[in-house]
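A.B. asks:
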Amino acid sequence: MSNVVLDAQNISKSFTDGKTTVDVIRNLSLQVKTGEFISIVGSSGSGKSTLLHVLGGLDRPTTGQVFVQGRRFDNLGEAERGYIRNEHLGFVYQFHHLLPEFSALENVAMPLMLRKGTNFKEVNQQAEYLLERVGLSHRLTHKPGELSGGERQRVALARALVTKPKLMMADEPTGNLDRKTAVKIFELLSELRQEFNMAMLIVTHDEQLAKSADAVLHMQDGVWVDH
Numbered sequence: 001m002s003n004v005v006l007d008a009q010n011i012s013k014s015f016t017d018g019k020t021t022v023d024v025i026r027n028l029s030l031q032v033k034t035g036e037f038i039s040i041v042g043s044s045g046s047g048k049s050t051l052l053h054v055l056g057g058l059d060r061p062t063t064g065q066v067f068v069q070g071r072r073f074d075n076l077g078e079a080e081r082g083y084i085r086n087e088h089l090g091f092v093y094q095f096h097h098l099l100p101e102f103s104a105l106e107n108v109a110m111p112l113m114l115r116k117g118t119n120f121k122e123v124n125q126q127a128e129y130l131l132e133r134v135g136l137s138h139r140l141t142h143k144p145g146e147l148s149g150g151e152r153q154r155v156a157l158a159r160a161l162v163t164k165p166k167l168m169m170a171d172e173p174t175g176n177l178d179r180k181t182a183v184k185i186f187e188l189l190s191e192l193r194q195e196f197n198m199a200m201l202i203v204t205h206d207e208q209l210a211k212s213a214d215a216v217l218h219m220q221d222g223v224w225v226d227h
């Protein structure tokens, strides 16, 4: 079996506004292998977030193909893409996107609750374990509004890991955090990657933090550039 988790081939993404077409991503290719940590660095507007959305099936490429675990992914319907995301991919965003009316434990458990044949006791145990791993075992019943920014981001990290994804995709996961908290989140990501034998693809503008990756790709105006 191939050890390639994600394979993107000649991806382009354009947006049309009236008579104007903007090419945000231009003919990019990328492979991520099991356990590999790749960071994508670039300034705002370089196309990083759009690329991550296309790779994760949150948006379709204008041209090109995306494969997850060897299966073509970009041409599937929304429901099928959602199923594959839930099965193989984990997401962490700059803004945590936690559900405000639910506790930390409920937010983390949610992705597993969406699966058929869910064993609720096992789901809660897995969610509790991950909250403990990110240092929040004392915050299980707290809602997002009762947590600090760093704590909310750690809950989001635990939620992304609860499905034991083959690939973690993170979009500026430390963008809203102070330097000290950002370093801690990055260290935690690296530690959990080892524990779960998980590949990681992180988009960031922070080159200092990105250096801990196995490979750093630089993006500018929708293409890879030498740095």
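Under full-length UniProt numbering, read the sequence shown as residues 1 to 227, first letter to last.
Where is the CB? At the ideal position from N, CA and C, for every residue including glycine.
Owing to the predicted nature of the structure, the values given are computational and were not obtained by experimental measurement.
For Y93, tell me which candidate among D226, I202 and V223 has the shortest Cα-Cα distance.
C.D. replies: Nearest option by C-alpha distance: I202.
A.B. asks: Since Q220 and G56 are thought to touch, with beta carbons under 8 Å apart, how far apart are those beta carbons, to the nearest angstrom?
C.D. replies: Incorrect: roughly 21 Å between the Cβ atoms, too far for contact.
A.B. asks: Helix, strand or coil, according to DSSP, for A213 in the structure here?
C.D. replies: Of the three classes helix, strand and coil, the one that applies to A213 here is coil, per DSSP.
A.B. asks: Measuring CB atoms only, is the region 51-69 touching the region 132-142, in the sense that at least three cross pairs come out at less than 8 Å?
C.D. replies: No, the region 51-69 is not in contact with the region 132-142.
A.B. asks: Please work out which residues of its chain come closer than 8 Å, Cβ to Cβ, to F73, disregarding the five sequence neighbours upstream and downstream, and give them in chain order.
C.D. replies: Here the set comprises G57, V66, F67, R81 and I84.
A.B. asks: How would you call V123, buried or exposed, if buried means at least 16 neighbouring beta carbons within 10 angstroms?
C.D. replies: Under this definition V123 is a buried residue.
A.B. asks: Taking the straight line between their C-alpha atoms, what separation do you get for R159 and G145?
C.D. replies: In a straight line, the C-alpha of R159 is about 17 Å away from that of G145.
A.B. asks: Going by DSSP in three states, R72 sits in which element: helix, strand or coil?
C.D. replies: The answer is strand: DSSP assigns R72 an E or B state.
A.B. asks: Would you decide whether A79 is buried or exposed? Buried here means 16 or more other CB atoms lie within 10 Å of its CB.
C.D. replies: Classification for A79: exposed.
A.B. asks: Have a look at V183 and L189 and give me their C-alpha separation to the nearest angstrom.
C.D. replies: The straight-line gap from Cα to Cα measures roughly 10 Å.
A.B. asks: Measuring straight from C-alpha to C-alpha, what distance separates M1 and V162?
C.D. replies: Bear in mind that a pLDDT of 47 at M1, under 50, signals an unreliable position, so the model cannot answer this.
A.B. asks: Contact defined as beta carbons within less than 8 Å: I believe L167 pairs with H218. What is the distance between those atoms, to the nearest angstrom?
C.D. replies: At roughly 21 Å, the Cβ-Cβ gap does not stay under 8 Å, so L167 and H218 are not in contact.
A.B. asks: Would you tell me roughly how many angstroms separate the C-alpha atoms of G90 and T34, rounded to the nearest one?
C.D. replies: Whole-angstrom Cα-Cα distance: 14 Å.
A.B. asks: Is the beta carbon of V54 less than 8 Å from the beta carbon of V32?
C.D. replies: No. Outside cutoff.
A.B. asks: Between E128 and R179, what straight-line distance do the alpha-carbon atoms span, to the nearest angstrom?
C.D. replies: If I take the Cα positions, the gap works out to 27 Å.
A.B. asks: Determine the DSSP secondary structure at F102, reduced to helix, strand or coil.
C.D. replies: Reduced to three states, the DSSP call for F102 is coil.
A.B. asks: Within a Cβ cutoff of 6 Å, which residues of the same chain sit near V24, ignoring the five residues on either side of it in sequence?
C.D. replies: Cβ within range, chain order: K13, G47, T50 and G222.
A.B. asks: Is it buried or exposed for V22, if we count other Cβ within 10 angstroms and need 16 for buried?
C.D. replies: Flag for V22 reads exposed.
A.B. asks: Quick check on DSSP: helix, strand or coil for L147?
C.D. replies: Correct three-state label for L147: coil.
A.B. asks: So, with DSSP's three-state summary, where would you put S123?
C.D. replies: Here the sequence assigns Val to residue 123, which means Ser is not the residue at that position. Here V123 sits in helix by DSSP.
A.B. asks: Quick check: what's the CA-CA separation for G64 versus R26?
C.D. replies: Between G64 and R26, the C-alpha separation is close to 10 Å.
A.B. asks: Using the rule of at least 16 other Cβ atoms within 10 Å of the residue's Cβ for burial, across every protein chain shown, is residue 228 buried or exposed?
C.D. replies: No information on residue 228 is available, as it lies outside the stretch 1 to 227 that the chain covers here.
A.B. asks: Please say whether Q153 and L130 have beta carbons closer to each other than 8 Å?
C.D. replies: Against a cut-off of 8 Å, the Cβ pair of Q153 and L130 comes out as no contact.
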